[in-house]
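Working notes, structure below.
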Amino acid sequence: MKLNPMRARRIIAVAVLLLVAFLIVCPPLANGGVKVTLSSSPPVGVEHLYVTIREISVHRADTREPEGWFVMTNQSRQIDLSAVNSSQTVGLGSASLGQYDMIRVRVTNATAIVNNTSKQVQLPSSVFTVPFSFLVRLGVQTVVMLKVAAELQETPEALSLRLSFTAIPEASAA
Numbered sequence: 012m013k014l015n016p017m018r019a020r021r022i023i024a025v026a027v028l029l030l031v032a033f034l035i036v037c038p039p040l041a042n043g044g045v046k047v048t049l050s051s052s053p054p055v056g057v058e059h060l061y062v063t064i065r066e067i068s069v070h071r072a073d074t075r076e077p078e079g080w081f082v083m084t085n086q087s088r089q090i091d092l093s094a095v096n097s098s099q100t101v102g103l104g105s106a107s108l109g110q111y112d113m114i115r116v117r118v119t120n121a122t123a124i125v126n127n128t129s130k131q132v133q134l135p136s137s138v139f140t141v142p143f144s145f146l147v148r149l150g151v152q153t154v155v156m157l158k159v160a161a162e163l164q165e166t167p168e169a170l171s172l173r174l175s176f177t178a179i180p181e182a183s184a185a
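The numbering of the sequence shown is my numbering, which starts it at 12 and goes up by one.
This is the structure in structure tokens:
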């Protein structure tokens, strides 16, 4: 059976349109898993130092500030920074496939336990941006370890907490 040249052109045109539609629709829908873990460094000198992380966002490398930020997770998570060198998951979410260059952590609350007494802690800053390059791929969970150093200062008026974050690559889990 011979194919009509006009019909062959229609088939090719439909195939090209389907391919273009697939290339437009599929990349934004394709996501990869991202897991952010946190580990504290030096001891903080109190019984417990609870910090509430409200949001973790990631920044696409191919966009400029302030655009390009995507919320990876916005579930509040309370962590104890007095647990030195123990890893805790603080964010588990997804991001569209691609290269990222920064992670942003929002801290909403900090409380110290000193001599079995709870004390509110002041944070000079609640948003922390950590430069870190990582790739989100389809079917692979990207794991990023954030090391946090906490510096607690006590004044007669209040406790003040300065946090600094650094990112360390972890092995990707399949």
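For glycine and all other residues, C-beta sits at the position ideal for the given N, C-alpha and C.
Check: Which of helix, strand or coil DSSP assigns to residue 108; Outcome: coil
Check: Residue 43 to residue 153 span [Cα, whole Å]; Outcome: 8 Å
Check: Minimum length 3: unbroken beta strand (DSSP E) runs contained in the segment 63-142; Outcome: 80-84, 88-91, 98-107, 109-125, 128-133
Check: CB of residue 178 within 8 Å of CB of residue 155, strictly; Outcome: yes
Check: Closest residue to residue 45 among 141, 17, 107 (Cα-Cα distance); Outcome: 107
Check: Residues of its chain near residue 84, where Cβ-Cβ distance is below 6 Å and the 5 sequence neighbours each way are ignored; Outcome: 67, 102, 104
Check: Cβ pair residue 60, residue 157 closer than 8 Å; Outcome: no
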